[in-house]
Each structure stands twice: as C-alpha cells, then as structure tokens.
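**Q** Chains as they are written, first to last, in full-length UniProt numbering: chain A, 1 to 230; chain B, 1 to 230.
There are 2 protein chains.
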Amino acid sequence: MNEHTPHPESGGQPSRSDRIAAMLEEQILTGRFAPGSRLDEVSLAEEHRVSRTPIREAFQKLAQSGLVEHAPRRGVFVRQASPIEIMEMFEVMAEMEAVCGRLAALRSAEGAVDQLRTANAACRAALEAGDVDAYYVENGTFHHLIYAQSGNRFLEQEASRLHRRLKPYRRMQLFLRGRLAQSMGEHEAIVEAISRGDAAEASDLLRRHVAVQGEKFHHLLTQLRPDAAG
Amino acid sequence: MNEHTPHPESGGQPSRSDRIAAMLEEQILTGRFAPGSRLDEVSLAEEHRVSRTPIREAFQKLAQSGLVEHAPRRGVFVRQASPIEIMEMFEVMAEMEAVCGRLAALRSAEGAVDQLRTANAACRAALEAGDVDAYYVENGTFHHLIYAQSGNRFLEQEASRLHRRLKPYRRMQLFLRGRLAQSMGEHEAIVEAISRGDAAEASDLLRRHVAVQGEKFHHLLTQLRPDAAG
DNA sequence: GTCAACCTTCTTGTATACAATAAGTATGAA
DNA sequence: TTCATACTTATTGTATACAAGAAGGTTGAC
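1. Could you say which of B:H48, B:S15 and B:L103 lies nearest to I190 of chain B if we only look at CA atoms?
2. What three-state label does DSSP hand V113 of chain A in the structure shown?
3. Would L220 of chain B count as contacting chain A if we go by Cβ distances under 7 Å?
4. Return the CA-CA distance between D131 of chain A and Y169 of chain A, expressed in angstroms with no decimal places.
5. By how many angstroms is the C-alpha of H218 of chain A removed from the C-alpha of V212 of chain A?
6. Mind pulling the chain B residues with CB within less than 9 Å of R153 of chain A?
7. Using 7 Å as the limit for Cβ to Cβ distance, is Q149 of chain A near chain B?
8. In whole angstroms, what is the alpha-carbon distance linking R19 of chain B and Q182 of chain A?
9. Report the rounded CA-to-CA distance for S108 of chain A versus C123 of chain A, giving the unit in angstroms.
10. So with CB distances below 8 Å, who are the chain A contacts of K61 of chain B?
11. With a threshold of 7 Å between beta-carbons, can S203 of chain A be considered close to chain B, or not?
12. Could you tell me which residues DSSP pairs with F77 of chain B in its beta bridges?
13. If the cut is a Cβ gap below 7 Å, which residues of chain A does E95 of chain B touch?
14. Going by C-alpha to C-alpha distance, which of A:P72, A:N152 and A:R38 sits closest to M13 of chain B?
15. Indicate whether A105 of chain B and G197 of chain B have their beta-carbon atoms separated by less than 7 Å.
16. Looking only at its own chain, which residues have a Cβ that is under 8 Å from the Cβ of S37 of chain B, when we skip the five neighbours before and after it?
17. Enumerate in chain order the residues of its own chain whose CB-to-CB distance from F33 of chain A is below 7 Å, with the five nearest sequence positions on each side excluded.
18. In chain order, what residues of the same chain lie with their CB nearer than 6 Å to the CB of V42 of chain A, ignoring the 5 residues before and after it?
19. Using a Cβ-Cβ cutoff of less than 8 Å, which residues in the same chain neighbour L220 of chain B once the five nearest sequence positions on both sides are dropped?
20. So for V92 of chain A, helix, strand or coil by DSSP?
21. Over what stretch of residues does the alpha helix (DSSP H) that includes N152 of chain A continue unbroken?
22. Give the straight-line distance between the Cα atoms of V137 of chain A and M93 of chain A, rounded to the nearest whole angstrom.
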C-alpha cells in the first residue's frame with residue numbers, strides 16, 4: 001500500500017488531488033508549514049500550476065486525515081494536536097500494535113519470521129553505523145511487517161494510517177540518548193516471541209515498546225514546556 | 001460527537017457538503033442506493049438544489065470513510081465490501097472494544113458503572129418488550145458508553161467510526177433467534193467485570209461479545225451464499 | 001485620544017463553462 | 001452474422017466567474 005493514499009482508488013491511478021495531498025502532507029510533516037499556519041489556496045494553486053479546485057480537494061483529504069483543520073470561511077490551518085491528543089494517539093497505537101503482534105504470533109506464515117529478522121538486521125546495521133535516518137526507515141519497515149503479518153488487511157491499513165499520523169512525534173525521540181539501542185533490544189524480544197508463537201508475550205512486548213514512545217514524548221514535552229504536560 | 005461527522009470542524013457549523021454527505025450516508029446504509037450502484041452527480045445536485053461542487057465534496061468524504069469507491073473518470077459507486085473485509089472489520093472492532101473495556105475497567109470514574117447499568121436496563125426493557133429496533137438503539141448507547149469510559153477521546157472516536165461503518169452488518173443479526181437474550185447476558189457480565197475493575201476479564205468478554213457478531217455474520221453469509229464464505 | 005461603526009479588500013464557497021475521456025452505438029467489412 | 005472501428009454522447013475533471021462573508025483599516029464622533 002502506498003504511503004500516501006489511505007484509501008486508494010482500487011487499482012486506479014492516484015488522482016491529481018491525491019498527489020497534491022501527498023505532497024502537502026509531506027511538506028507539513030517535514031516542517032515547511034508550521035502548525036497553526038494557514039494554507040493559502042491561490043498561492044498553492046499557482047505553485048502547482050492548477051486551479052483552486054484540485055487544491056481544495058487535497059485540503060479535504062488532509063482534513064479527513066486530521067492533519068489540517070478546516071475553519072469555515074476562514075481557510076485551512078495546519079493542525080496543532082494537543083499534547084493530550086498525541087498521548088492518546090500513542091496509546092491507541094500501542095494497543096493496535098499489541099493486537100497486530102498477538103495475531104501475528106498466532107498466524108504468521110512460513111517465512112514471516114525470516115522477514116522480521118531481516119528487517120531487524122537492517123535496523124541493527126543502521127544502529128551500529130550510527131545512522132539515525134536509516135534506523136528510522138528500517139524501524140518503519142519492521143513495524144509495517146508486523147502489521148501485515150496480523151493477517152488482517154483492514155487492521156494493517158488502520159495501523160499504517162495511525163503510524164503515519166504519529167510520524168513527526170516518533171521521530172523526535174530517536175535522538176534521545178540510548179533509546180535506539182534499547183528499542184533494538186525490544187525488537188529482538190518481539191521477534192522471538194512471535195517465532196515461538198507466544199501471542200501474549202508478543203502482545204505485551206509490543207504494547208510496551210510503543211507505549212514507551214508516548215512516555216518519551218511526554219518526557220520531552222515536560223522538559224521543553226513544563227506547563228504543557230497534559 | 002455527531003453521528004455523521006467523523007472529523008468535525010472543531011466548534012464550527014457543519015458545512016453544506018457535510019450535511020449532504022451525512023444524508024447520502026444514511027441513504028446508502030438504509031438501502032436507497034444498492035451496493036455497486038453509481039451515484040450520479042447531476043441528478044443529486046438537482047435533488048439537493050445545489051451545483052455539482054458540494055456534491056463532489058460530499059462524495060470525497062464518503063470515499064474517505066470507505067462507503068463509496070471513486071473510479072477515476074467513471075464516477076463513484078456504492079462500495080460492496082467483500083465478506084473477507086467485513087470479517088476483518090469485525091475482528092478489529094472486537095479488538096478495539098476489548099481495549100476500550102480494559103481501559104474502562106482500569107479508569108472508570110465515579111458514576112460510570114451506574115451509567116452502564118442504566119443503559120443495560122434500557123436494553124433489557126427493549127428485549128422484554130420484544131422491540132428489536134429499541135434494543136438496537138440502546139445497545140449502541142451501551143457500547144458508546146464503554147468507548148467513552150476508556151478515557152481516551154481519540155480511541156472513542158475511532159471506535160465510534162468503525163462502529164458506524166459496521167452498522168448495516170450488525171443489524172442483520174438481531175433477528176437471529178435467541179441472539180438478543182444471549183447478548184443481554186454478555187452485557188451484564190461485562191458491566192460486572194468493569195465494576196470489579198477486572199481489566200482482563202472485561203477485555204476478554206468484550207472481545208468475545210463482538211467477535212461473535214462477526215461469526216454470526218459469517219454464518220448468515222454461508223447460509224445465503226455457500227460460495228461466499230470468505 | 002479612544003472607541004465604534006462603516007467601508008474596503010481579501011478569501012472562501014458556489015455555480016457554471018469548458019476540456020478531456022470513457023462508454024455506448026452505429027456502420028462497414030470479413 | 002460477427003467483429004472491429006469510428007463516431008456520438010454522456011459524464012467526469014478542471015478552470016474560471018461570481019457571490020457572500022470575514023478581517024482589517026479608516027474615518028468620524030464623543
């Protein structure tokens with residue numbers, strides 16, 4: 001499944017507004033548009049050499065995914081999720097990954113564990129190379145594998161959707177001292193649990209693994225803005 | 001949260017296209033538009049006395065929620081979810097409700113259990129009156145209460161979203177002999193588990209309670225179309 | 001000097017005109 | 001008769017024109 005089309009038109013080409021929405025999403029997540037800032041229809045239309053119509057369609061898609069907020073008659077604004085809301089999303093992510101892990105342990109097919117080990121090896125290589133960006137990518141691959149191995153396509157899509165939504169907040173934590181190595185160890189324990197078919201253990205480990213991210217995020221917040229603890 | 005605005009514009013009025021989307025959704029779920037049928041932009045525009053623009057916006061919202069499918073250059077069609085996909089959604093619903101139940105048992109505030117008992121009493125009254133429609137409504141109230149008592153607003157919204165999506169498939173089962181009484185008993189066990197703060201039990205009971213619906217759905221399917229078992 | 005009301009201007013929401021493509025139909029050849 | 005091809009028609013995608021509302025500035029009164 002494409003990273004940027006939550007509900008792809010089955011088999012068809014992504015529409016123009018899909019591409020624009022994907023681009024805007026990327027630009028929001030990478031910081032070109034700051035939270036709270038307004039997205040201007042006309043300037044974006046000029047930039048993309050289209051009329052306002054496809055831009056407005058793209059805005060709607062972004063609004064549905066929760067990335068921007070549509071204020072009637074005032075425009076669309078990059079949404080600033082509150083710390084509480086972000087913590088809530090991390091909690092849901094933790095629970096969803098726990099479910100994926102449980103189902104994966106129960107159902108994982110031939111070769112599935114090998115895929116996980118391969119992905120994990122790539123994580124370790126990135127870690128040892130000190131390449132944070134590469135670790136980030138390989139880590140994503142690892143988690144998406146588990147979503148897929150749940151054997152439930154719908155769950156896989158929903159988990160991927162939330163994973164993408166949390167992208168900017170997850171990324172912050174990679175720079176916390178020692179977190180990468182710790183994360184790496186957790187990955188290995190998770191793979192072992194799945195390979196043993198130990199559903200309860202896989203579930204618990206994944207829940208903790210992701211919940212820690214929420215806690216780290218909270219920790220970062222309180223350091224930066226002690227009043228914004230949530 | 002309004003039943004028909006998945007991502008409400010915070011505090012603002014629902015837009016015209018929101019209202020149209022809600023109306024179309026209702027009409028799809030209640031069978032005015034059969035699965036697979038095409039929604040015509042111009043006739044709907046005439047019917048609602050607007051131009052094609054708001055209709056198209058409504059279509060986009062429906063497409064994002066998965067209710068219709070957008071075939072580029074061909075139109076939007078009422079989506080016929082495959083049996084497999086519906087089963088997958090039921091499984092995810094079961095897991096989400098299990099999570100809600102677990103969190104509710106851990107966190108439920110003063111008076112929360114009373115609310116559940118009240119909702120359950122309404123269910124029982126409907127059951128004893130033999131009023132299937134009323135039971136359906138009160139049952140929905142009961143489940144939404146549990147979503148809310150998870151203490152996680154984001155989870156509450158996601159669970160409500162999926163609940164609504166499964167609406168037409170859940171409704172079928174109410175007419176299965178004895179299912180209502182069985183469901184009622186499960187509700188009571190769930191409330192007791194939550195009132196005891198027994199998170200694991202509440203979680204398991206809810207998972208089973210919802211998973212049974214998926215199984216009943218599957219059962220109905222195989223009776224109707226033995227080849228469509230999934 | 002300050003506040004309020006009005007007016008200007010900018011932006012969005014909607015309608016409509018136009019362009020492009022897909023489906024259906026008719027025609028002709030094999 | 002059947003199949004293929006071209007044409008017609010209908011429908012979507014996009015652009016643009018127009019309407020309506022909100023923000024901000026200006027002017028006037030107190």
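In this text, a Cβ means the ideal position worked out from N, Cα and C, and glycines have one as well.
Just so you know, these numbers come straight off a predicted model, no measurement behind them.
**A** Answer, in terms of the structure:
1. B:L103
2. helix
3. no
4. 19 Å
5. 10 Å
6. Result: I84, E85 and E88.
7. no
8. The C-alpha of Q182 of chain A is placed about 49 Å away from the C-alpha of R19 of chain B.
9. 21 Å
10. What K61 of chain B touches in chain A: Q60 and Q64.
11. no
12. B:R38 and B:E69
13. V99
14. Position check: residue 13 of chain B holds Gln in this sequence, whereas Met was assumed. Measuring from the Cα of Q13 of chain B, the nearest candidate turns out to be A:P72.
15. yes
16. F77 and V78
17. Q27, L39 and V78
18. none
19. M172, Q173 and L176
20. helix
21. Where N152 of chain A is concerned, there is no enclosing alpha helix (DSSP H), given that its DSSP letter is neither H nor E.
22. It is roughly 18 Å from the alpha-carbon of V137 of chain A to the alpha-carbon of M93 of chain A.
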